[in-house]
Structures are given as structure tokens and as C-alpha cells.
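Sequence order for the protein chains is Y and G.
Position one of the first sequence corresponds to residue 1 (this note's numbering), numbered consecutively onward.
Position one of the second sequence corresponds to residue 1 (this note's numbering), numbered consecutively onward.
Backbone N, C-alpha and C fix where the C-beta goes; we use that ideal spot for every residue, glycine too.
None of these values were measured; they are calculated from a predicted model.
Everything below concerns the one structure shown next.
2 protein chains.
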Amino acid sequence: MQNREIRLVSRPEGLPTERNFEIRDTKVGKPVAGEVLLRTLYISVDPYLRGRMREGRSYIAPFEVGQVIVSGAVAEVIDSASPALKAGDVVVSGSLPWQLYSVANAQTVQKIDPTVAPISTALGVLGMPGLTAYFGLLDIGKPQAGETVVVSGAAGAVGTVVCQIAKIKGCRVIAIAGSAEKTDFLLRELGVDVAINYKDGNRYKSAEELRKEVAASCPGGVNVYFDNVGGEISDGVLPLISSRARIVVCGLISQYNSQKLEVGLRPQPFLLVNSALMQGFIITQYAQRFGEGVRELGNWLTEGKLKYAETIVDGFDNTPKAFIGLFKGENLGKQIVKVAEFRLP
Amino acid sequence: MQNREIRLVSRPEGLPTERNFEIRDTKVGKPVAGEVLLRTLYISVDPYLRGRMREGRSYIAPFEVGQVIVSGAVAEVIDSASPALKAGDVVVSGSLPWQLYSVANAQTVQKIDPTVAPISTALGVLGMPGLTAYFGLLDIGKPQAGETVVVSGAAGAVGTVVCQIAKIKGCRVIAIAGSAEKTDFLLRELGVDVAINYKDGNRYKSAEELRKEVAASCPGGVNVYFDNVGGEISDGVLPLISSRARIVVCGLISQYNSQKLEVGLRPQPFLLVNSALMQGFIITQYAQRFGEGVRELGNWLTEGKLKYAETIVDGFDNTPKAFIGLFKGENLGKQIVKVAEFRLP
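Here it is as C-alpha cells:
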């Protein structure tokens, strides 16, 4: 049986290109005791992977040049040497290789029930992005009913969930996204109060322009700013925070391709005069509470309070392209690569 | 009896000058029921007053042009129409006018015991700066024994107390200050582990130079950064924070005279990859716990674990000059203006 894999062959400089990756045919491994052979069904491409393509210290080890990329994926067990899983089981993992088939320790994957929700949601609303939204917003942002929550990257995998949880919690939600299609979706499908397009045609609006638009929508100031984007958009929002505001630094997709330390508006003066908090977090620090998060998100999904969006690219070989598209704002909701068809038995 | 007052007559542009203030003779008022007549003994000049000289929204109302400046002061009751206080009592308040004499509601001042510690300490180590150090460091910075704490503005009213509390808590302390006299004081008198001069002669070191010096002193990274200064010094420290670091935004003296929104190194990437926190605060939010703070600080003072430094300028008319000197780093420890002599009866 033929296998196929995608390796990092050079570190991206700025925006990654397909030339940073190599796709090649290989062999399928065999599971030994405790292992399973997996057929990849869906691959999750995530902005944070860009950080791993860079050399140097971070919260997670960098990918080595020549290494097969590893990310979240949903897979089907096709052969098992572990009593924990059997052929036909569907599993999710935060770190499976970009391969058609892979061998994994059964302990490192988690079985999911394919009858509860579409299995791709294990990579989105019921997976890491959903949990990131849930814990980041509720544990750090601590939104109170009646407060104003501004969300950047609002139409992305995390942002779409943040917007809806904030609405569930009774907040006024101002969503910032990068196209009319996205702002329409946020307003009509997700029910945000105001959606702001950070582009004017192909032109990126300046921090000052955005500040005026956000200010007009937030007469009482911004109580929670859930930031997925950073850069100029944050420069637009920061001066509008209110007393005791909470700024959740969840992602900085506008900055990930930067080659140098970025300069911009200093947030300290706004934090100081407002006794405000700005906090970064990594979702794995909430690992002990993932069960709670998945349960809550699942309930909201079942009750119809939570919708999800996915942008699905078809075909394993398109994985690098789907990843690169994240930085061009090509995805609405969670960006996923469909690798193989799965049917309930 | 002749009175004298200092009014703001124009808003400073950049560094304040003496021309922004007017000193003039006036009359002494008379206390009515519930009020006391106070003779000012010591005036506290504080960096945060610069913010009040600016127009516009902040956590505290701006001074109006023409208004007498108000700040912390220690005063003696010389006439009382309140049963709560009698002539000879010494009081402290966070908001007394820059006047030789003033009339105040007895409820708005707090009696202090002049036999416990020199009365000027009610404006420094046992007053707002001490409490700011205490709550900012312990409640937000949460230093753990063995951690590395970096303090900017380390030789100032707040910084000197922060350095010592961090040492009491068993931390390694890196103190940043602006002269050899200050770094000597921090090393020899306050016992910090490393003291870094942010100047080289009259030249301010760059963020990169400071970063190298701080990095050399913090091989394990910075766990707590207590920031009184902001600007380039913070740009030097931020890239060195460690996982789960806490950045206490206490003051930004390097920025207070700026006329525009300041641009500098974006802290978000460092907060994100380190799951770190950056928080501003205003000491009044801890008002309910001031008793605890004063008690602890007083105990450390009595036990000889806490030293304090004061820079005392003599003469009421020198108050504006003493205030302006804060922005030139002229003070070691708490900057105070001595207005009148006080002797224990």
C-alpha cells in the first residue's frame, strides 16, 4: 500500500510558499503492540504551525527542516495492535503527521463517536479551536452580560465560536473580519451585533480608520477584546478599552510571517489608565478541563445555540496550499483538508 | 495669616516647565462644622500628576487650567471644628491642595501616629508608593521564591520598595535605574542581586543594549517584570520574559510627557508564546486592603527588613521644580517637598 507524506524542506521567509514543502511517496508502516495503523481522513491546518516552522525557542519545539509536518487530524483505524481501538474506529489527535497513513501509539489518539456530530467538527468547534475559544473567552475574558466584546479574526475557526459564546453570555459583540462575505455571515448566521470589514476593497484600512468604526459601535468602550490577529487591527481597538478591560491574546495571524520584532502602538498606557489585563495563553494549559469544554460546546451545538463553519479543501496534496491560504484569509470558519472519504458502517 | 497656593496656569507640552505653574498669595480659609484647618508639612510630588495635567478621559479627572494642584500631603491640624481631630494632630491625605494652609473635611484625612515612623514616610514607604509596590508586586506579580524579578525605575519611590519586597520573598532581583549613584544604592543598601544603569554617561542605552545586559543577568528568563518606566527599557526586557511571566504595568514615566500615542515593540508575541500576563492597576482599587499593606510594610520597617530613601526639597515654592525633577530622574526614593517644620510636642 502506497503512502504519501509532506515534509518541510526549507524554512519560510515571510509568507510560506508551496516550495517550502515537498510531497513524496513513501511506504506504510506496520503497527506493533500498542499501536494502530491510521488512515487520515481530515487534516487540520492551523496558523500556529507557522510558528513551528521558525527556528528558535517557543512554547513548542520547532519543526526541523526535512521533518514531516505534524498537526491535528481525524483518522480511521484500519489495523490495530492495541486492545483500546479496533479497525473502523474514528480517532482525533493534535499531532498526526501529514501522511495518508500513519502508525500511532493508541494512547496518543482519542476515539470519537461519529454519530454525535460530523467527524470534522473534532478539528473545529468541538476540537482545539472550539476549546481555545471557550477557555480563552470565559477564563481570561470573563465576559459579563451586557458587556461589549470585540473579536478580531471573527470569521475564523476560533473567532466564530468566540462570537457565539459571547452572545450566549448576553454580550454585545463587535466582529472584525476581512471580507463582505465574512461580515455578512457573522451578522446573518452568527447573530453578532456589528460586523466590521477591515478591508475596503483590496485595501487594508488603517488603525485610525478601524478605531473610528469600532468606536462608533462601542460607545461605552470595549470590555473584552479577543484578539486573533494583532498588528494594525489591535492598534485600532486598544485605545478603546474601558476600565478593567480584559484583552485575550489568542493569536497574531497578521504577525506570524514577520521576520523581525514588530513595532506598533504600545498597549501599556491603555492597560495602565484602565487597570486592564492583557494575557496570552496556550490551550494545552487547560488540558485538565477539556472534558468540561467539549461537553458545554456539544450541548450548545445540540441545542442549536452554536453554529459552525468549515472551509474544506479536497485532496491531501492541497494541504500546503490550504495552510498558506490561512494567511490570506481564504477560510470562513475552520480550514480543513479532506484526505479520504469516510462512511458510517 | 497669609496663605500661598500653586495653580496650573497652562497645560504642559512635553516636559512640564515652571511656567506651567503660578505661585500666588491668598487668604487662609476658616473651618466650619466637620472641617479642620491644616498647615501643610510635606507635599508629595508624583509622576501620575502629569497625567492629570493633560486634558481628556483617564481614571481620574484632569486638573482644570486655573485650578490649584492637588496631591498627597502630610499636614498638622492647627484648628478643628470636628470632634474627630484636634490641633496638633498630624494627618495624611491623598488629595490636599498645594497650599501652605488648607481647609479640609475631617473625614477626608487620616490621622497618623508621629511616634511610629518619621511622618514623611506616610507619603512614601508607608503611603501610596509603598502600597503600590506591595499590592502590585504581590497581587499581580505573584513572585515565588527563586524566581527572577526585574524592576524598572528601581531607585524610585515604588521601585525601592518593590526591590526589597521581592528580596524578602526570596527572589533574585535585577534593578534598572538611571545613574551610578542609584545602582550603587540599590546594590549596597537594598541588596539587589544585579543593578543595571540604563545610561552610559549622559547617553541612554538602546533597547538592544539593555536587552543584552538584562539577558546576561537572567539566564532563566524574567518571571516578573515590575515596570515603572515603559518605553525603551521595557522594549529591552519584554523579549526576555519566561513562560507564565507576569508583567506589572505600574507606571510609564518615560512616556508621560509624550504628546502622541507611542509606538514601540509589540508585547503581544511575547505574551502569546509565554502564556504571560501584562496588567495595569491603580492603587485605589486595593483600598479595602490598605490596612493589611500598611501593617506588613510597617512590620518589615520595624524589623529592619525594609529601608527607605527620600529626596527632600526644601520650601513650598520649589514644589513645581521638585515635580519636574521626577522626569529627569533627580530623585532617589520618594521625592518630597518639605513645607514647614514639625516637632513632636
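Practice task
Could you name the residues of chain Y that Q285 (chain G) contacts, counting a contact when the two beta carbons are closer than 8 Å?
Solution key: Ordered by position in chain Y, the residues that pass the 8 Å Cβ test against Q285 (chain G) are S275.
Exercise for the section: List in chain order: all unbroken beta strand (DSSP E) runs of 3+ residues lying wholly within the stretch 257-337 of chain G. Expected result: Taking only runs of at least 3 residues, the beta strand (DSSP E) segments lying wholly in the stretch 257-337 of chain G are 263-265, 277-280, 310-314.
Exercise for the section: Take the Cβ of S71 (chain Y) as the centre, count every other Cβ of all protein chains shown within 10 Å, and call the residue buried at 16 or more, exposed below. Expected result: With 16 or more other Cβ atoms within 10 Å, it is buried.
Problem - Check: A133 (chain Y) C-beta below 7 Å from any heavy atom of the ligand ZN - result: This structure simply doesn't include the ligand ZN, nor any ligand for that matter.
Practice task
Pull up the distance between the alpha-carbon of G293 (chain G) and that of F135 (chain G), whole angstroms please.
Solution key: The alpha-carbon separation between G293 (chain G) and F135 (chain G) amounts to approximately 8 Å.
Exercise for the section: With a threshold of 16 other CB atoms inside 10 Å of the CB of N346 (chain Y), please say whether the residue is buried or exposed. Expected result: Nothing about residue 346 (chain Y) can be read from this structure; chain Y reaches only from 1 to 345.
Practice task
For chain Y, find out if any of its Cβ atoms is closer than 8 Å to the Cβ of S152 (chain G); answer yes or no.
Solution key: Output row for S152 (chain G): interface = no.
Problem - Chain-ordered neighbours of Y134 (chain Y) on chain G, where CB pairs are closer than 7 Å - result: Listed along the chain, the chain G residues whose CB falls inside 7 Å of the CB of Y134 (chain Y) amount to none; the nearest CB is some 16 Å away.
Problem - alpha helix (DSSP H) runs contained entirely in the stretch 206-244 of chain G, provided each spans 4 or more residues - result: The stretch 206-244 of chain G contains these whole alpha helix (DSSP H) runs: 207-217, 231-237.
Exercise for the section: Can you tell me which of Y:N318, Y:Y225, Y:L306 puts its alpha carbon nearest to the alpha carbon of V161 (chain Y)? Expected result: Of the candidates Y:N318, Y:Y225, Y:L306, Y:L306 places its Cα closest to the Cα of V161 (chain Y).
Exercise for the section: Could you tell me whether the stretch 255-271 of chain G touches the stretch 98-118 of chain G, where touching means 3 or more Cβ pairs closer than 8 Å? Expected result: Three or more beta-carbon pairs separated by less than 8 Å are not found between the stretch 255-271 of chain G and the stretch 98-118 of chain G, which leaves the two stretches without contact.
Practice task
Measure from the C-beta of S243 (chain G) to each C-beta in chain Y and report whether the shortest distance is under 8 Å.
Solution key: Closer than 8 Å to some Cβ of chain Y, the Cβ of S243 (chain G) qualifies, so yes.
Practice task
For S58 (chain Y), go through chain G and note every residue whose CB falls closer than 7 Å to its CB, in chain order.
Solution key: Here the neighbours are V273.
Problem - Beta-ladder partner(s) of I196 (chain G), from DSSP - result: According to DSSP, I196 (chain G) shares a beta bridge with G:I176.
Exercise for the section: State yes or no: is the beta carbon of R7 (chain Y) nearer than 8 Å to at least one beta carbon in chain G? Expected result: Closer than 8 Å: no.
Problem - Residue from G:A73, G:V249, G:T311, G:Y308 whose Cα sits closest to the Cα of Y42 (chain G) - result: Considering only alpha carbons, the answer is G:A73.
Problem - Closer than 8 Å to chain Y by CB, I233 (chain G) - result: At least 8 Å separates the CB of I233 (chain G) from every CB of chain Y.
Exercise for the section: State the Cα-Cα distance for the pair I60 (chain Y) and V149 (chain Y), rounded to the nearest angstrom. Expected result: Rounded to the nearest whole angstrom, the C-alpha separation of I60 (chain Y) and V149 (chain Y) is 30 Å.
Practice task
Spell out a yes or no on whether the stretch 311-324 of chain Y and the stretch 194-206 of chain Y are touching, meaning 3 or more CB-CB pairs, one atom from each, closer than 8 Å.
Solution key: The stretch 311-324 of chain Y and the stretch 194-206 of chain Y do not touch, with fewer than 3 CB-CB distances between them shorter than 8 Å.
Exercise for the section: Name, going along the chain, the residues of the stretch 212-236 of chain Y whose beta-carbon falls closer than 9 Å to a beta-carbon of chain G. Expected result: Those would be D227, G230, G231, S234, D235, in chain order.
Practice task
Have a look at L137 (chain Y) and A166 (chain Y) and give me their C-alpha separation to the nearest angstrom.
Solution key: Their backbone Cα atoms lie some 8 Å apart in a straight line.
Exercise for the section: Closer than 7 Å by beta-carbon distance: list the chain G residues that pair up with M278 (chain Y), in chain order. Expected result: Simply L271, M278.
Problem - Stretch-stretch touch, CB-based, cutoff 8 Å, three pairs: the stretch 307-318 of chain Y with the stretch 234-245 of chain Y - result: These segments do not touch.
Exercise for the section: Drop a sphere of 10 angstroms on the beta-carbon of E208 (chain Y), count the other beta-carbons inside from all chains shown, and report buried for 16 or more, exposed for fewer. Expected result: Label assigned to E208 (chain Y): exposed.
Practice task
Report the residue ranges of all alpha helix (DSSP H) runs contained in full by the stretch 10-59 of chain G; include only those spanning at least 4 residues, in chain order.
Solution key: DSSP runs (the alpha helix (DSSP H)) wholly in the stretch 10-59 of chain G: 49-52.
Practice task
Please list the residues of the stretch 246-268 of chain Y that have a C-beta atom closer than 7 Å to any C-beta atom in chain G, keeping them in chain order.
Solution key: If you check each beta-carbon in the stretch 246-268 of chain Y against every beta-carbon of chain G, the ones closer than 7 Å belong to V249, L252, Q255, L261, E262, V263, G264, L265, R266, P267, Q268.
Problem - Cβ neighbour criterion (16 or more within 10 Å) applied to S95 (chain Y) - result: Classification for S95 (chain Y): exposed.
Handout entry: Contact set for E13 (chain Y): own chain, Cβ-Cβ below 8 Å, skip 5 residues either direction
Key = Hits under 8 Å: Q259.
Exercise for the section: Report buried or exposed for V65 (chain G), applying the criterion of at least 16 other Cβ atoms within 10 angstroms of its Cβ. Expected result: Exposed, since its Cβ has fewer than 16 Cβ neighbours within 10 Å.
Problem - Inter-stretch contact at 8 Å, needing at least 3 Cβ pairs: the stretch 11-25 of chain Y / the stretch 81-88 of chain Y - result: Segments in contact, no.
Problem - Own chain partners of C171 (chain Y) with C-beta closer than 6 Å, once the 5 adjacent residues on each side are dropped - result: P143, E147, V149.
Problem - Same chain only: Cβ atoms within 6 Å of I312 (chain Y), ignoring 5 sequence neighbours per side - result: Here the set comprises I336, K338.
Exercise for the section: Taking Q164 (chain Y) as part of the alpha helix (DSSP H), name the residues at either end of that continuous run. Expected result: Per DSSP, Q164 (chain Y) belongs to the alpha helix (DSSP H) from 157-168.
Exercise for the section: In angstroms with no decimal places, state the Cα-to-Cα distance between T121 (chain G) and E310 (chain G). Expected result: Roughly 9 Å separates the two Cα atoms.
Practice task
Return the Cβ separation of S82 (chain G) and V36 (chain G) in integer angstroms, given the expectation that the two are a contact with Cβ distance under 8 Å.
Solution key: Indeed, because the Cβ distance is near 6 Å, the residues count as touching under 8 Å.
Exercise for the section: Could you tell me which chain A residues have their CB closer than 8 Å to the CB of I176 (chain G), listed as they occur along the chain? Expected result: Structure shown: chain A not included; protein chains present are Y and G.
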